[in-house]
Each structure stands twice: as C-alpha cells, then as structure tokens.
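Each remark here refers to the structure printed beneath this line.
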Amino acid sequence: MALPPLDSPQWQSPWRAFAWGLRSITQTILTIVLFVTYLGIGALAHDTHFSLLWTLCSTLFVWAGPAQIILITTLGSGATLIQSAIAVTVSAIRLFPMVVSVLPLMRTPTTKRRELIFAAHLTAVTLWVECHRFLPQVPRERRIAFVHGLGCGLVSVCLVANTVGYFLAANLTQTLGAAILLLTPLSFLFSTARNSREVADVVALVLGIVLYPLAAMMNSGLDILVRGVLAGTIAYGVHWWREVRA
Amino acid sequence: MSFAQAIGDWHALAVLFVAGVISNQIWRMLGLWFGGGIDEGSELLVWVRAVATAILAGVIAQIVVQPPGALATVPDVLRYGAVAAGLVVFLLTRRSIFAGVVTGEVFMLAGKWWLG
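Residue numbers (numbering that gives the first Met the number 0), protein chains in the order written: chain A, 0 to 245; chain B, 0 to 115.
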C-alpha cells in the first residue's frame, strides 16, 4: 500500500486521511512487535491478579508499555501507590521530548493547542517512529487526522492483544502460559537494547538488571527507585567521564 | 471468568488512575504546553533517560528472577538460559528484536520439553 500523492484529491477529506492513517498500521513490522508486547502485558496482568477491565484501561489511558509493566510489577509486588507513581513518572519523562519533537510535524499556523491533545496522548515510541516515517508523505493540513487514525489503529491492536493474552494466560497449560509471560521481559529487554544508542543507556540497562538480583541476594531491600537512581547515576557518570576525556 | 471478575474492584482502578495515568500523562501534557526550546542532548535529559532505563531494566530483571504466575513453574536455569540465548541471537542478528524473542521462547519451550 502506497499513500496517495500529496496533491491527490484523496486528501481533501479528513475522514479519508484518518482512514489512511488507520490502514498504515499494516505497513510496519512495529505493529507485530506491539501486538506481541501487549499479548505479554495481558498475560502479565492476569497472572499478577489484575482484572481485564483494569488491563484494558491501562492500555487505553496510560498507553506506554514501560509504564504499564512498571505499574503492574510494582503494584503486584506490594509497592505503595507513591512508589509506583514515582517509578511510572520517571519512566514517562522520555515522553516529554517525544511530544515536543513530534507535534511540530503536524502543526499548521492556525492549529490550536487543543486540537493536538489527542495526538499528544497517542504519542509513544512506536507512533513517534512512524510519524517521522509517514508524515512527510501526508499533506500538512491532514496530518492530525492521519495521526489520529494511525494511533487509534495501534491502540486497537493492543487492546485486542491484551484481551487475547489475558485469556490465554487464564486458559492455556502452564508451559504455554509461561511462554506468553516470557514475552514481556524478552521484548522489553531487546527493544530497550535496540533503542540504547548512547553509552549511558547501555550501562544503565546492564546495571539496572544486575542490581536487582544483587539487591535481592544481599537482602538489602533497596527498592526500585533507589536502584534506578543508583544505576542511572553511575551510567551518567560513565557518560560524563567519557565526554571529559574526549 | 464472571463479569464481576472482568471488571475487578474499583479501588484497583482508582490506583491505576493515580499511580499510572496521571503520573504518566503529565509529561505528555507538559510537552504539549511547553513545546519547543528543549535540547534532546541536554545533560539533565541524559541522566533522566539513564535512570528511566535502569528502572525498566530492574522490572525486567524482577519478572525473570522472581516471576509471577505460570512463569514461576519454569526452572531458574531455563528462564536465565532463555534470556541469555535470546540476547546472543539478538546481538548476532544486528539487533533483531524478533529473532531474539523467538530464540528465547524456543529455548524455554525446548528446555521444558526436554526436562519433561
């Protein structure tokens, strides 16, 4: 499927633009990655004793995979509301520069801020990547409608994946249930590793993983936030040291 | 699963909105309001991203080391082995997420089958 040329009459209707956005989810491998990831989140939520409605609401209203698994895992292992909220908010800070960089792609001189609220909500790493790929092929005045279509398509895929994952975890044999649960750590580990371009990100990833069993073994009770700040700060130190030396 | 089970309790939903939705959404809305004038490479942002990555890494480790539900029935060595095997293939295939995930899954399932 190729998008129509920029001057095509196809783009005259915002609804058509929405439909083209919706259809574009079939044009990217990331849709499959999202499906698998949210299949795992559905299963994780089931085995951590959250309801199906809770799981679907988290996808619909949080719409950020890392925040969702942090929320499920921390709340599921007895963290307080405040601890979970802080861990989620730290993971969500990366959304700020993403929104800042993606919204100008859709803005026209007459665009009002409230017209961008839904597009801002839909912004997460997948949409951000796809916007940079697709939007140059979409006339500027139809980009918001296109992004709404693309985002709604991706959210729908994830809601379906959540539901399927939830029911699979409830009904499959233990081995297959375990396989679905294993999707979450695997897909998040590799997608984070893939996105780690700078040394600081790689060090943070490795240290963050190593500190967990270390803290558990020493029975230190270091909680997720302390470990995160510790590993992140060391990683930043490595980055800083390399900059100074360079 | 009954209808009531599918809905769950309202307390959990309230926790979701406070701990999950508001704390996450606030950054998107700040981006919308204060767009512009942010430097992606700024030092503060490098640190924030490192801390966020470490928190996510910790959660990934927690799921593998102290797994929930059905994953807890898989022996330690198979879970760690699956992640290690997936990681090796991920690196060998020039960072293919798909190849890494499939390898990890096949490793675990084959191991489970082999161990009986």
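Beta carbons are placed, not taken as given, at the ideal position from N, Cα and C, and that holds for glycine.
- Going by DSSP, valine 124/A is part of the alpha helix (DSSP H) stretching over 124-133.
- For tryptophan 53/A, the CB contacts under 8 Å within the same chain, skipping 5 residues up- and downstream, are Ala44 in chain order.
- Straight through space, the alpha carbons of alanine 16/A and arginine 139/A are spaced by roughly 11 Å.
- For the pair valine 128/A and methionine 97/A, the Cα-to-Cα distance works out to about 10 Å.
- At least one C-beta of chain A is nearer than 9 Å to the C-beta of glycine 103/B.
- Positions of the alpha helix (DSSP H) runs, each at least 4 residues long and wholly inside the segment 138-206 of chain A, are given as 142-170, 173-194 in order along the chain.
- Here the alpha carbon of leucine 224/A sits roughly 14 Å from the alpha carbon of alanine 60/B.
- The Cβ atoms of alanine 63/A and glycine 164/A do not sit closer than 9 Å to each other.
- For aspartate 222/A, the three-state secondary structure derived from DSSP is coil.
- The segment 27-61 of chain A is shown to contain whole alpha helix (DSSP H) runs of 4 or more residues at 29-46, 51-56, in chain order.
- The alpha-carbon of threonine 88/A is positioned some 14 Å away from that of threonine 79/A.
- Note that the segment 100-114 of chain A does not touch the segment 185-195 of chain A; fewer than 3 beta-carbon pairs, one per stretch, sit closer than 8 Å.
- Taking all protein chains shown into account, glutamine 11/A has fewer than 16 neighbouring C-beta atoms within 10 Å of its C-beta and is therefore exposed.
- DSSP places glycine 20/A in the uninterrupted alpha helix (DSSP H) bounded by 13-22.
- Taking a Cβ-Cβ threshold of 7 Å, the residues of chain A close to valine 20/B are Phe60, Val61, in chain order.
- Taking 8 Å as the Cβ-Cβ cut-off, the segment 112-138 of chain A approaches chain B at Arg112, Leu115, Ile116, Ala119, His120, Thr122, given in chain order.
- Non-local beta-carbon contacts of valine 88/B in its own chain, meaning distances under 6 Å to residues more than five positions away in sequence, involve Ala98, Gly99, Thr102 in chain order.
- In this model, alanine 81/B and proline 66/B are separated by some 14 Å (Cα to Cα).
- Contacts with chain B at 9 Å (Cβ-Cβ) include histidine 45/A.
- No Cβ-Cβ contact shorter than 9 Å links alanine 203/A with alanine 83/B.
- Arginine 196/A is classed as exposed because its beta carbon has fewer than 16 other beta carbons within 10 Å across all chains shown.
- If you draw a straight line from the Cα of histidine 131/A to the Cα of isoleucine 143/A, it is about 13 Å long.
- Comparing alpha carbon positions, the residue from Arg78/B, Leu55/B, Leu31/B closest to arginine 113/A is Leu31/B.
- The alpha helix (DSSP H) runs lying completely inside the segment 63-93 of chain A and spanning 4 residues or more are 64-75, 80-91, given in chain order.
- Scanning its chain for C-beta atoms nearer than 8 Å, with the 5 sequence neighbours on each side dropped, one finds around leucine 134/A the residues Leu104, Met105, Arg142, Phe145, Val146, in chain order.
- Assignment of threonine 107/A by DSSP, reduced to helix, strand and coil, places it in the coil class.
- Counting only runs of 4 or more residues that sit fully inside the segment 12-60 of chain B, the alpha helix (DSSP H) segments are 22-32, in chain order.
- Here serine 90/A is not near glycine 7/B, since their CB atoms are 9 Å or more apart.
- Put simply, of Pro184/A, Val228/A, Thr174/A, Leu33/A the residue whose alpha carbon is nearest the alpha carbon of leucine 114/B is Thr174/A.
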